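Asks: 422 is the number of the first residue of the sequence shown in our numbering; add one for each residue after it.
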Amino acid sequence: MNENDLRILATFANVTIICVMLGSGTWVALDARKKGRTAAEIVSWFFFATMFILIGPLLYVLFRNKFYK
Numbered sequence: 422m423n424e425n426d427l428r429i430l431a432t433f434a435n436v437t438i439i440c441v442m443l444g445s446g447t448w449v450a451l452d453a454r455k456k457g458r459t460a461a462e463i464v465s466w467f468f469f470a471t472m473f474i475l476i477g478p479l480l481y482v483l484f485r486n487k488f489y490k
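#1: By DSSP, does G457 sit in helix, in strand, or in coil?
#2: Are the region 465-481 and the region 438-451 touching, with three or more C-beta to C-beta distances below 8 Å?
#3: Measure the C-alpha to C-alpha separation of G457 and T471 and round it to an integer number of angstroms.
#4: Taking the beta carbon of F467 as the centre, do at least 16 other beta carbons fall within 10 Å, making it buried, or is it exposed?
#5: Using the rule of at least 16 other Cβ atoms within 10 Å of the residue's Cβ for burial, across every protein chain shown, is A453 buried or exposed?
In structure tokens, the structure reads:
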């Protein structure tokens with residue numbers, strides 16, 4: 422692998438990680454909206470799930486029915 426190949430691989434990895442982050446945040450936000458949450462809660466869950474890629478959606482799934490009826 423030369424330097425150009427490594428640069429392409431690094432760019433692909435970064436884009437993939439960003440897409441997964443945005444995808445998890447979007448999924449959580451859309452689900453929170455579907456459940457009738459306020460706009461502040463939706464935005465908060467979006468940012469939380471986006472920043473913590475795996476933990477954010479997992480915590481949302483665990484707590485969405487426990488605290489919200």
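Glycine included, C-beta positions come from ideal geometry on N, C-alpha and C. In this text, all values refer to a predicted model and were calculated from it rather than measured experimentally.
Replies: In brief:
#1: coil
#2: Short answer: they touch.
#3: 20 Å
#4: buried
#5: buried
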